[in-house]
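Residue numbers (this note's numbering): 25 to 583.
In this text, a Cβ means the ideal position worked out from N, Cα and C, and glycines have one as well.
Accompanying notes for the structure given below.
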């Protein structure tokens with residue numbers, strides 16, 4: 025197929041839907057056939073399985089770059105979902121760079137003039153017609169305003185809204201198929217996942233939301249030393265056009281630039297660390313795509329954070345739930361951990377909570393053995409790997425913001441190790457964790473919660489002890505007496521009946537045989553009959569007294 029024809033087909037709804045759905049069906053068939061023909065899962069089978077997944081992931085990347093549009097964003101979105109996809113697939117998707125061929129400049133100019141309602145050069149003095157960056161949603165051009173200021177103009181790609189809405193329909197079909205024929209459909213809430221996908225991507229299609237996010241970060245970090253957020257031109261920004269200050273700089277990981285300007289790697293890494301720790305442990309918005317291309321470095325060592333199309337948010341409830349979960353681990357209270365996971369909507373409705381609680385306890389015991397003293401970088405890496413497997417195997421589904429939070433943290437760690445390979449994250453992280461756990465606000469202090477929870481058993485001890493020594497003791501004694509009374513009741517009743525049988529036998533013997541019996545036999549008959557009668561009277565009296573005692577105990581118990 026010629027390149028021009030491929031470009032035209034790219035905008036055809038039927039073509040896009042056919043390619044996307046057929047690729048999904050093909051992958052599902054390959055997985056089904058593999059599992060059907062490989063019953064024994066030995067090491068060789070696992071290698072073949074991983075090879076199949078890598079092949080599928082590479083094909084997905086190729087199709088995503090060919091079709092552009094939503095497939096790129098879906099790949100980036102799914103790369104955060106360790107709860108859904110295997111690690112080898114995720115690894116391939118992480119390399120899916122949102123960088124595509126640019127559209128002709130006249131198409132971009134048309135969009136700008138439609139939104140501005142005037143000729144492009146009424147507002148700008150000059151613009152480079154070759155974009156400095158080209159992604160699936162927008163392209164960035166360098167331009168000069170009439171007042172001489174240099175700006176970056178981000179323009180939405182030609183017909184991108186149409187492409188994405190077509191792809192939403194295709195993905196809806198794919199998700200429906202997955203829900204019917206795959207294990208993912210049984211494990212995950214694909215309806216919720218689809219809605220999250222639409223919500224996340226739709227935000228990126230509206231540059232006004234990105235403008236709002238950028239102004240938020242500008243205000244939040246205005247006094248943050250060594251960090252700069254660009255200025256934005258609101259009067260020129262629309263739903264499809266975003267105008268911001270031009271930034272001269274390079275990627276924060278540029279080794280040559282760092283050496284040329286004699287910058288301190290550790291200081292740069294520490295600034296990036298502080299910048300994102302502030303975002304990831306506090307309530308509010310956080311940058312959800314902090315790769316090195318969105319973190320620029322100036323010659324004076326200033327870090328410039330750009331591109332706020334993809335952000336997540338931690339509200340106060342989220343922060344509280346996360347603290348509650350950590351508090352549960354510290355206090356060895358896994359009911360609290362489960363409650364936090366439920367409040368965060370991590371657990372699916374069919375989740376076996378007792379099983380999840382047991383697995384969490386086993387994981388915690390395995391790593392920390394009752395103490396956090398052995399918590400180092402190697403342990404952290406192992407925990408992250410095992411958590412990925414745990415989340416994938418259990419009925420847990422991460423809401424989008426939490427998935428973005430994990431993705432952002434993972435990306436930042438990668439950036440930090442690129443800047444400063446010998447970085448000691450635990451050394452920098454422990455004081456932050458200590459401060460965060462203690463809480464700066466009285467209502468956020470986990471120590472207060474820990475003390476409160478720890479004090480509960482102590483405060484309730486006198487009452488519990490009194491209960492045990494009084495009510496509990498009386499209860500146990502009463503139950504023991506009741507058991508004894510029941511045994512004696514059966515005992516006396518049995519011997520009373522036996523005595524009656526003896527009395528009746530002796531009396532009958534005397535009445536029937538009396539005229540022909542010798543004196544000794546008559547004497548023995550009277551004796552047996554008398555013993556039986558005495559036994560009946562004696563056991564009847566004791567049984568009567570036992571019944572009275574049982575009745576009295578019951579009255580006292582009820583009072």
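At a Cβ-Cβ threshold of 8 Å, residue 239 and residue 261 do not count as neighbours. Burial state of residue 153 is exposed, judged by a 10 Å Cβ sphere holding fewer than 16 other Cβ atoms. By the 16-neighbour rule on beta-carbons within 10 angstroms, residue 116 is buried. Excluding the 5 residues flanking it on each side, residue 136 has same chain C-beta neighbours closer than 7 Å at 144, 179 and 265, in chain order. Residue 254 is positioned such that its CB atom lies no closer than 8 Å to that of residue 436.
Beyond the five residues adjoining it in sequence on each side, residue 335 comes within less than 7 Å, by CB distance, of 237, 309, 310, 311 and 312 in the same chain, given in chain order.
Using a Cβ distance threshold of 8 Å, residue 296 and residue 319 count as a contacting pair.
When DSSP assignments are scanned along the region 38-66, no uninterrupted stretch of alpha helix (DSSP H) that is 4 or more residues long falls wholly within it.
Rounded to the nearest whole angstrom, the C-alpha separation of residue 93 and residue 155 is 18 Å. Residue 156: not part of any beta strand (DSSP E); DSSP gives it neither H nor E. Residue 311 sits in a strand when the DSSP states are folded into three classes.
With contacts defined as CB atoms closer than 8 Å, residue 194 and residue 55 fail to qualify as a contacting pair. About 40 Å separates the beta carbon of residue 129 from that of residue 77, a gap too long to meet the 8 Å contact definition.
Annotated as distal: residue 289 and residue 187, with beta-carbon spacing of 8 Å or more.
Inclusion of residue 330 and residue 321 in the CB contact set at 8 Å is not warranted, their separation being larger than that value.
The alpha-carbon separation between residue 267 and residue 162 amounts to approximately 12 Å.
Proximity to residue 125 across 385, 151, 157 and 299 peaks at 157, based on C-alpha coordinates.
Looking at the backbone, the Cα of residue 69 and that of residue 61 are separated by about 10 Å.
Within the same chain, Cβ atoms closer than 7 Å to the Cβ of residue 441 are found at 447, the five residues on either side in sequence being excluded.
Nearest C-alpha to residue 98 among 148, 175 and 218: 218. One Cα belongs to residue 182, the other to residue 316, and the distance between them is close to 27 Å.
Distances from the CA of residue 127 to each of 271, 164 and 340 were compared; the closest alpha carbon is that of 164.
Contact annotation: residue 287 and residue 325 have beta-carbon atoms nearer than 8 Å. When DSSP states are grouped into helix, strand and coil, residue 286 belongs to the coil group. For residue 174, the uninterrupted beta strand (DSSP E) run begins and ends at 174-180, by DSSP. In the three-state scheme derived from DSSP, where H, G and I count as helix and E and B as strand, residue 142 is classed as coil. Bounds of the beta strand (DSSP E) holding residue 165 are 162-169.
Nearest neighbour of residue 344 by Cα position, chosen from 307, 384, 562 and 450, turns out to be 307.
Contact check for residue 49 and residue 277: beta-carbon distance about 40 Å, past the 8 Å limit, so the pair fails to qualify. For residue 291, the closest of 174, 251 and 273 by C-alpha to C-alpha distance is 251.
At least 8 Å separates the beta-carbon of residue 166 from that of residue 159. Per DSSP, residue 234 lies in no beta strand (DSSP E) segment; the continuous alpha helix (DSSP H) that holds it begins and ends at 231-244. When beta bridges are read from the DSSP output, residue 191 appears opposite no residue.
Closest in alpha carbon position to residue 455, among 146, 301 and 562, is 301. Ranked by how close their Cα comes to the Cα of residue 445, the residues 279, 80 and 47 have 279 in first place. Taking 8 Å as the cut-off, the beta carbon of residue 168 is found no closer than this to the beta carbon of residue 139.
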